[in-house]
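Visitor:
Number of protein chains: 2
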Amino acid sequence: MFTGLSAFPLTPLVNGQVDETAFLSLIETLAAARVDSIGALGSTGSYAYLSRQQRARVTALAVEAADGIPVMTSIGALRLDEMLQLADDAQRAGVRGLLLAPLSYQPLSQEEAYRLYERVALAVSVPLCIYDNPATTGFTFTPDLLRAVARLPNIGSIKLSPSGAAPAQMAEEMAALRRDIPATVTTGTSGDAQAASALLAGAEIWYSVAAGLWPHDMRALAEAALSGDEARTAALNASFEPLWALFRHHGSLRVIAAAAELTGRVATPCLPEPLQSLQGDARAQLQHVLALREYR
Amino acid sequence: MFTGLSAFPLTPLVNGQVDETAFLSLIETLAAARVDSIGALGSTGSYAYLSRQQRARVTALAVEAADGIPVMTSIGALRLDEMLQLADDAQRAGVRGLLLAPLSYQPLSQEEAYRLYERVALAVSVPLCIYDNPATTGFTFTPDLLRAVARLPNIGSIKLSPSGAAPAQMAEEMAALRRDIPATVTTGTSGDAQAASALLAGAEIWYSVAAGLWPHDMRALAEAALSGDEARTAALNASFEPLWALFRHHGSLRVIAAAAELTGRVATPCLPEPLQSLQGDARAQLQHVLALREYR
């Protein structure tokens, strides 16, 4: 399940409660667009802000509405026992994969992070995706740790954070990682603004925030890049540049949340307080970008 | 309550449950040493790893056992509604202050952080301590934000992270901050290895990890520094340098947890998994340091 386009929808909230109708509608759009998988509770789905009960419920709703498309969900938490409980809940709900980021409050040592992946990997029966996201977790995998974790049992993919490297360098990094990890573990990219380059450089799956709201457009881009069609990839990617500029400047979550609010896909506000979607001038800029073309 | 020596004890865990007997014994030691206040659920008390129920229980135990010494507790959480619930619980338990760090998963904007302090400050009836700890929260206060938050109602203190500046520079920074914030808001220091310098430079309270285990020794150091006795401060501080070296290298939590384990004050292991106290060579080094003198 860890190849192609994986769409990461919002979990819209109203006064701290999940807006189930709006969430189901988002999932139905993804199912209709036949994305390759759905990341029901990624960072974009605010997993870290939800209770165990809310996470179990959202996961179950996603699996039901996904129309057979594989669903994965995050089991990240600060305590190991919570991670294991969340993994049980998610597997019971029928997920086909589990996302695990090394959340931290006290910064984790490399050894602590290795041990936590080991404990979880040995306890689960569906594949794990190693979720590398230093901007949210504060944790940076060393290259050695990433490779060691990728060799554990039950690892299906690595969701890499944007490397910031130029295309040639990115291809080298991706090839080096590819050589060092089992063939059963795919390399994936996040950071939508750089995803096209990463896919051309060898990433096998795009974990996409924008696809959670606009799966058709992002599927076109993913297909172009995964087939190696550089010209078409560049043209499509350039057409999304006004969006990527906002993602780079404000973070993808605030932009996609505001876009969902502005287009009536979710109620306003949809993020858990104290987080806010785009406000003021930035929101007006997004409104302008959305008026220039129809995203779908 | 936000002056002098504030002791931050561990919350010892056994299989994820609070070891209440061990915790009460730590609090009783602090009460007997007459520290100026007790920070029952600081970072050292693993507040971020505990459930709402556990936090309420630990806070109540601390207030009961503190023998009249003012207790403060952390209300940090990712969601605003959780922070407000935790504040209610803590106030009901009889705390005299609330610690609030801007926890984050999605990095908070300065504006989001301001609004969250504003919302909480207006909702509580005991003073708040602004808890600045970028290493754990991933959030950095700009100087402007720190000053703006300090001017909100119900702010009692600022718990600053170690500045890393040389003494003269530190005194200037502290004086500049002091001029810009209300007289009712004290400036406090954390980071035990640098605390003596910060107190000599003008900080009015030391939020101390080491005092949570060894209140007598740290009270002697705090009193020397707060009275401006530079020679005595330097001598005492030098005597603790083997400890501070370990704090700097491994983080204070892992060292103090291992020290509590090694001296039988708590069961082993006492930290929430995946966190580990010092292991291997580092633990042996600590054992050697503890054998050189009796800390109390």
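Chains as they are written, first to last, in the working numbering: chain H, 2 to 297; chain C, 2 to 297. Note that CB positions come from ideal geometry on N, CA and C, so glycine has one too. Here the structure is a predicted model, which is why all the values come from computation and not from measurement.
1) Taking the CB atoms as reference points, tell me whether LEU158 of chain C and GLY192 of chain C lie closer together than 7 Å.
2) Can you look up TYR106 of chain H in the DSSP assignment and give me helix, strand or coil?
3) Just mark THR74 of chain H as buried or exposed, buried being the case when its beta carbon has 16 or more other beta carbons within 10 Å.
4) Could you list the residues in the stretch 260 to 278 of chain H with a C-beta less than 9 Å from some C-beta on chain C, going in chain order?
5) Using a Cβ-Cβ cut-off of 7 Å (strictly less than) and excluding sequence neighbours within five positions of SER198 of chain H, which residues of its own chain qualify?
6) Please compile the residues from chain C whose C-beta is within a distance smaller than 9 Å of the C-beta of THR137 of chain H.
7) Ordered along the chain, which non-local residues of its own chain (more than five positions away) have a Cβ less than 8 Å from that of GLU262 of chain C?
8) Establish whether the CB of GLY281 of chain H and some CB of chain C are separated by less than 7 Å.
9) With H, G and I counted as helix, E and B as strand and the rest as coil, what does DSSP make of MET2 of chain C?
10) In terms of residue numbering, what span does the alpha helix (DSSP H) encompassing SER44 of chain C cover?
11) Can we say the stretch 48 to 63 of chain H touches the stretch 226 to 240 of chain H, given the rule of at least three CB pairs closer than 8 Å?
12) Assign ARG53 of chain H to buried or exposed, taking buried as 16 or more other Cβ atoms, counted over all protein chains shown, within 10 Å of its Cβ.
13) Could you compute how far the alpha carbon of ALA78 of chain H sits from the alpha carbon of ALA235 of chain C?
14) So, using beta-carbon positions, are PRO216 of chain H and ALA67 of chain H closer together than 7 Å?
15) Would LYS160 of chain C pass as a contact of TYR208 of chain C if the rule is Cβ separation under 7 Å?
16) Output the boundary residues of the alpha helix (DSSP H) element that contains GLY281 of chain H.
17) Could you tell me whether any Cβ in chain H is nearer than 7 Å to the Cβ of ALA149 of chain C?
18) For ASP90 of chain H, which residues in chain C fall below 8 Å Cβ to Cβ?
19) What does a CB cutoff of less than 6 Å around PHE142 of chain H pick up in its chain, not counting 5 residues either side in sequence?
20) Given that a residue counts as buried once 16 or more other Cβ atoms are within 10 Å of its Cβ, and exposed if not, what is GLY139 of chain H?
21) Between VAL210 of chain C and THR45 of chain C, how many whole angstroms is the CB-CB distance? I'm expecting something under 8 Å.
22) Do ALA259 of chain H and ARG284 of chain H have their C-beta atoms within less than 7 Å of each other?
23) Just reading off the beta strand (DSSP E) that SER158 of chain H is part of, what are its end residues?
24) Whole angstroms is fine: what's the gap from GLU29 of chain H's alpha carbon to GLY43 of chain H's?
25) Could you check how far apart the C-beta atoms of LEU6 of chain H and ASP37 of chain H are, in whole angstroms? I think they sit under 8 Å.
26) Look up THR12 of chain H in the DSSP assignment and say whether it is helix, strand or coil.
27) From LEU101 of chain H to ILE76 of chain H, what distance separates their C-alpha atoms?
28) Counting contacts by CB-CB distance shorter than 7 Å, is ASP82 of chain H in contact with chain C?
29) On a CA-only basis, which of H:GLN111, H:LEU129, H:ARG116, H:LEU104 is nearest ALA136 of chain H? Give me that one, please.
30) Residues of chain H with a CB under 8 Å from the CB of TYR50 of chain C: which are they?
31) Any C-beta of chain C sitting closer than 7 Å to the C-beta of GLY17 of chain H?
32) If the cut-off is 9 Å on Cβ atoms, which residues from the stretch 110 to 135 of chain H count as contacting chain C, listed in chain order?
33) Using the rule of at least 16 other Cβ atoms within 10 Å of the residue's Cβ for burial, across every protein chain shown, is PRO154 of chain C buried or exposed?
34) Just the chain H side, please: which residues come within less than 8 Å of GLY252 of chain C by C-beta, in chain order?
35) Excluding five sequence neighbours on each side, which residues of the same chain lie with their C-beta closer than 8 Å to the C-beta of TYR291 of chain C?
36) Label ARG297 of chain C either buried or exposed according to how many other C-beta atoms from any shown protein chain fall within 10 Å of its C-beta, with 16 as the threshold for buried.
Guide: Reading it off the structure:
1) Per the sequence presented here, residue 158 of chain C reads as Ser, with Leu not at that position. In this structure, GLY192 of chain C does not lie closer than 7 Å to SER158 of chain C by Cβ.
2) coil
3) buried
4) LEU272, PRO273, GLU274, PRO275, LEU276, GLN277
5) PRO168, MET171
6) SER105, TYR106, GLN107, PRO108, GLY139
7) ALA268, THR269, PRO270, CYS271, SER278
8) no
9) coil
10) Where SER44 of chain C is concerned, there is no enclosing alpha helix (DSSP H), given that its DSSP letter is neither H nor E.
11) no
12) exposed
13) 42 Å
14) no
15) yes
16) 281 to 293
17) no
18) Per Cβ cutoff of 8 Å: no residues; ASP90 of chain H is ~16 Å from chain C at best.
19) ASP133
20) buried
21) 5 Å
22) yes
23) 156 to 161
24) 17 Å
25) 5 Å
26) coil
27) 6 Å
28) yes
29) H:LEU104
30) LEU79, ARG80, TYR106
31) yes
32) SER110, GLU112, GLU113, ALA114, ARG116, LEU117, ARG120
33) exposed
34) GLN107, PRO108
35) Looking at the sequence itself, residue 291 of chain C is Leu, so the reference to Tyr does not match. Taken in chain order, the residues that qualify are ALA260, LEU263, THR264.
36) exposed
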